[in-house]
Amino acid sequence: LSGDLFERLGVPALDDPVWEDVRASSVKVVDFGLAKLLEVGDRKVAPLTRAGVVAGTAHYVSPEQVRGQKTDYRSDLYSAGILLYRLLTGATPFQGASATEVAIKHLTEPVPTLPPPLDAHEINAVIQRATAKRPEDRYVSAGDMRWATRCALDPSAKERRPLMITPPPIRRPTALTRFKRWLKS
């Protein structure tokens with residue numbers, strides 16, 4: 004991110020003293036659904052993220068995780084939207100006296116818009132779509148969310164969207180084709 008982008012969003016420059024604690028912090032390892040399958044040696048261990056099990060930090064958990072329903076990449080997009088909110092505001096959107104209270108807010112309350120001066124910025128729409136309560140209302144893929152975020156932060160990026168060309172499939176000769184070639188030789 005360039006200094007210009009920070010300036011446009013009203014975020015203090017990286018050398019600002021407000022970032023002292025961040026620079027002094029240690030690295031955190033986060034799981035956004037990465038624990039789908041765990042293998043230990045030659046045996047498979049039950050996944051940590053599955054239907055009927057609520058695993059995760061209450062501040063980042065998706066509504067379907069709270070309900071103990073099946074999760075997929077869209078739960079990760081929800082958590083990424085919450086993380087984006089926190090990166091821009093310094094706080095998670097839902098606060099409560101307990102993890103249960105926070106989890107209930109994920110089920111019942113929409114994620115609030117960003118505070119001024121970011122409240123009128125396009126990044127709000129990205130966060131709102133990523134944190135939609137119904138998984139089918141979220142982004143189709145992480146790539147789509149990434150592109151929407153890039154366009155919100157840099158409107159000129161819309162003209163530079165890369166053209167995706169899918170190459171034709173590689174056609175391998177069938178057994179019959181190979182047999183016919185062998186007969187001709």
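Under the working numbering, the first residue of the sequence shown is numbered 4, with each subsequent residue one higher.
Glycine included, every Cβ here is placed at the ideal spot set by N, Cα and C.
Test item: CB-CB of residue i and residue j under 9 Å
i: T134; j: P96; result: yes
i: A128; j: A83; result: no
i: K136; j: P120; result: no
Alpha carbon of residue i to alpha carbon of residue j, nearest angstrom
i: S78; j: S159; result: 29 Å
i: A155; j: L90; result: 15 Å
i: R141; j: Y81; result: 8 Å
i: Q98; j: E162; result: 39 Å
i: Y63; j: A106; result: 9 Å
i: R149; j: T111; result: 26 Å
i: E23; j: S101; result: 29 Å
i: P176; j: Y76; result: 36 Å
i: D19; j: A94; result: 19 Å
i: A178; j: K187; result: 14 Å
i: E139; j: D147; result: 14 Å
i: T180; j: D157; result: 53 Å
i: K108; j: A123; result: 24 Å
i: I85; j: V143; result: 17 Å
Neighbourhood of residue i by C-beta distance below 6 Å, restricted to the same chain and skipping five residues each side
i: S65; result: S78, Y81
i: E115; result: Before going on, a small fix: residue 115 reads as Pro here, not Glu. Cβ neighbours of P115 beyond the five flanking positions: P96.
i: G13; result: P120
Own chain partners of residue i with C-beta closer than 8 Å, once the 5 adjacent residues on each side are dropped
i: L87; result: I126, V129, I130, A133, T152
i: T103; result: A61
Cβ-based neighbour list, residue i, same chain, cut-off 7 Å, excluding 5 preceding and 5 following
i: A54; result: Residue confidence is low: A54 scores 47 on pLDDT, short of 50, so the model does not pin down where it sits. No coordinate-derived value is stated.
i: T92; result: L117, P118
i: G6; result: Summary for G6: the model assigns pLDDT 49, below 50, so the residue's position carries little reliability, and this model does not support an answer.
i: D183; result: Here the sequence assigns Lys to residue 183, which means Asp is not the residue at that position. Closer than 7 Å at the Cβ level, and outside the excluded window around K183, lies no residue.
i: V21; result: P15
i: G44; result: With a pLDDT of only 49 at G44, under 50, the local geometry of the prediction cannot be trusted, and the value read off the model is given with reservation. Within the same chain, G44 has no close Cβ partners at all.
Residue i: CB within 8 Å of a non-hydrogen atom of the ligand MG
i: L156; result: As far as ligands go, the structure on display features none, and thus does not contain the ligand MG.
Segments of 4+ residues assigned as alpha helix (DSSP H) that fall wholly inside the segment 51-116: 66-69, 76-92, 102-111
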